[in-house]
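Notes to accompany the following structure.
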Amino acid sequence: MKSIIKISGLLLLSIGLFTGCVNDDDYSAPQNECVDPGLTANKSVADVKLAATSTPVEYMADDIIEGYVTSNDEKGNFYKTVYLQTLSTDGSLPIGFSLPLDLTTSFGEGFYPGRKVYIKLKGLHTAIVDGILSIGGIYQPNPNEPAEIGRLNETEWKNFVFLSCDEVAESQLVTAVNFTNLFQNQYQGLLVDIQSVQFADSSLGRKFYDVDSGGGATNHLIESATLPQTGGQEFIRFSSFASFAGQMVPEGSGTIRGVLTKYQDDFQFLVRSQSDLHLDGPRVDPYPAVGGSAIVYSGSFTENFESYSAGSNTTGQYIFPKYINDAVVGSRYWRVRSNGTPVNKFIQMTSFGGTPENNRTLFIVPVDMTAANTFKFDSRASFLVTGHNSLKVYYSMDYIPGSDITDATLVNITSNFSISTGTTSTGAFTPSGTYNIPSNLTGNGYFIFEYIGSGISDPAFTTNMDLDNIVVN
């Protein structure tokens, strides 16, 4: 049979023949008169998958399988692959599989969620592609390179794929899975509800398709919305052709419905439309304010961090009984680091390394403002990114330890200090100069150090900021 179109890299190349759609999540079936094909499945998907390997093989027997559509390209977030699954009747996990079709709109041809589909296997090719059973044509433009599963074109697919007049409700297909368990090959192609989930902080304030991220699609991150948080973060992908691409990412938590896919080693979750996002619950803070278990409001003290355990920017101590460390945006905290001869300890915050994200992290120092007269500290910016002013300093008289910082009044006093302008390597600390505490500040209050950075922005603002020798007198 003919070789059609290569599908390797499909999810990374969300470009093509989509046209603009209205932002309307109507999943009603296309109004076409249905003629049932009169077919009966005589082979199970499980048997076909069991026999398949990573090498495409032409299917020789007159076998027919059936499946139910889980994907939908009506809103532009799926591209030229139809995902299907079996219908479980005994409580076992269904089996998902993919059917690459070179169609301008598979929805327009009748492939909508819940639609039953028959596939005549003889003459098609089967293989396990990135962990999922894929059934299609053969693609081998270079005889010296391995063959791959390819798309069936618009005239060819109707010889093998037949739409039944039967359909089932999504409630009969969907599998509820928690975030921690979902990202496994066995869930690929299935219609699933991810429970207790939310977008990561790095996605907040951004659109589903972020032009700044480049390419034809944007990989956002989702995470568990349970405490303690488990499962890390995983990709959820939005095409630039999705009709809702320009909408803002929701901030709440809840359930996301969609189809799990995979490109090489990376799982990528795809929704069919914006209505698959049911995130109306309160946001869970997986990186809350920490420390503050032994707060002392003092008018005279020096903190040089020598009593704490130093490590890397992921292993250094970050919980301080006398102070509060709050990752307001992102997952990173101020941590104790060390260097120099003799070894000197300090705290550092940075957006460098790891998974790129936006960061706003606070180090909060309780003070008896009545007893205190002056405040000073040393700072050091290193591995400086030009234009990145990473440190600001505030005081607050109404902050409540551990509470949402947006509920507090912060007074910006940064201009009263000499802040390190930094070097492209590691230099000396810069004394801030002495700040005279206003006489009208009385009672318990806080000095607040704020680091703002980003591994996502262009250019990335990833300057290291170090603090040492915080002195109140």
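Residue numbers (mature numbering (1 follows the signal peptide of the UniProt record, and there is no 0)): -24 to -1, 1 to 449. Positions of the beta carbon are idealized from the N, C-alpha and C atoms, including for glycine.
Collapsed DSSP secondary structure at residue i in the structure displayed
i           : result
residue 250 : helix
residue 367 : strand
residue 392 : helix
residue 45  : strand
residue 452 : Residue 452 is absent from the structure shown; the chain starts at -24 and stops at 449.
residue 147 : helix
residue 185 : coil
residue 174 : strand
residue 432 : coil
residue 280 : coil
residue 169 : strand
residue 109 : strand
residue 142 : strand
residue 23  : helix
residue 324 : strand
residue 156 : helix
residue 244 : strand
residue 51  : coil
residue 162 : helix
residue 65  : coil
residue 381 : helix
residue 335 : strand
residue 179 : helix
residue -1  : Any reading at residue -1 is ruled out, since the residue's pLDDT is 44, under 50, leaving its predicted position unreliable.
residue 195 : strand
Of the residues the options, the one placed nearest residue i, counting alpha carbons only
i           : options            : result
residue 66  : 148, 197, 11, 113  : 148
residue 424 : 446, 338, 366      : 338
residue 193 : 199, 184, 396, 200 : 184
residue 20  : 32, 38, 12, 31     : 38
residue 155 : 118, 120, 207      : 207
residue 453 : 71, 140, 47        : Missing from the structure shown is residue 453; the chain here goes from -24 to 449 and no further.
residue 92  : 352, 380, 61, 377  : 61
residue 428 : 407, 377, 413, 364 : 364
residue 291 : 308, 283, 256      : 308
residue 105 : 72, 88, 133, 89    : 72
residue 220 : 198, 182, 243, 189 : 182
residue 121 : 32, 47, 81         : 32
residue 372 : 158, 426, 99, 30   : 426
residue 405 : 432, 381, 315, 88  : 315
residue 179 : 431, 342, 131, 448 : 431
residue 399 : 119, 384, 382, 438 : 438
residue 311 : 296, 30, 18        : 296
residue 201 : 188, 211, 171, 191 : 171
residue 273 : 129, 449, 382      : 449
residue 17  : 318, 80, 190, 94   : 94
Straight-line Cα distance separating residue j from residue i
i           : j           : result
residue 214 : residue 387 : 39 Å
residue 391 : residue 240 : 50 Å
residue 440 : residue 294 : 16 Å
residue 375 : residue 276 : 20 Å
residue 49  : residue 226 : 22 Å
residue 334 : residue 223 : 19 Å
residue 403 : residue 394 : 15 Å
residue 252 : residue 286 : 45 Å
residue 150 : residue 46  : 9 Å
residue 86  : residue 366 : 54 Å
residue 57  : residue 216 : 17 Å
residue 353 : residue 445 : 5 Å
residue 152 : residue 88  : 20 Å
residue 385 : residue 84  : 55 Å
Beta-carbon contacts of residue i that lie in its chain and below 6 Å, excluding the five residues immediately before and after
i           : result
residue 23  : none
residue 492 : Any question about residue 492 goes unanswered here, given that the chain covers just -24 to 449.
residue 68  : none
residue 186 : 194
residue -2  : Residue confidence is low: residue -2 scores 39 on pLDDT, short of 50, so the model does not pin down where it sits. No coordinate-derived value is stated.
residue 269 : 297
residue 97  : 35, 39
Neighbourhood of residue i by C-beta, 8 Å cutoff - its chain only, sequence neighbours within 5 removed
i           : result
residue 209 : 176, 197, 198, 199, 331
residue 107 : 161, 164, 238
residue 116 : -22, 122, 123, 124
residue 228 : 174, 255, 256, 257, 258, 259
residue -4  : Its pLDDT being 37, under 50, residue -4 is placed unreliably by the model, and the measurement read from it follows with that caveat. Excluding sequence neighbours, residue -4 sits near 50, 51, 52, 219.
Nonlocal neighbours in the same chain, by C-beta distance under 7 Å from residue i, ignoring five residues either side
i           : result
residue 451 : Examination of residue 451 is not possible in this model, given that the chain is present from -24 through 449 alone.
residue 28  : 102, 103, 104, 109
residue 144 : 44, 63, 90
residue 435 : 361
Legend entry - Cβ pair count under 8 Å reaching 3, the segment 231 to 246 against the segment 159 to 178: The segment 231 to 246 vs the segment 159 to 178: in contact.
Legend entry - Segment contact, 8 Å Cβ cut-off, at least three pairs: the segment 244 to 254 with the segment 348 to 363: In short, these stretches do not touch, since the Cβ pair count stays below three.
Legend entry - Inter-stretch contact (C-beta, 8 Å, three-pair minimum) for the segment 254 to 272 and the segment 294 to 310: Cβ pair count under 8 Å is three or more, so yes.
Inset, instruction - Determine, using beta-carbon pairs with one atom in the segment 107 to 121 and one in the segment 64 to 82, whether at least three such pairs fall under 8 Å. - result: Remark: three or more beta-carbon pairs, one from each stretch, lie closer than 8 Å, so the segment 107 to 121 and the segment 64 to 82 are flagged as touching.
Inset, instruction - Please confirm if the segment 309 to 328 is in contact with the segment 408 to 423, defined as three or more CB-CB distances below 8 Å between the two stretches. - result: In short, these stretches do not touch, since the Cβ pair count stays below three.
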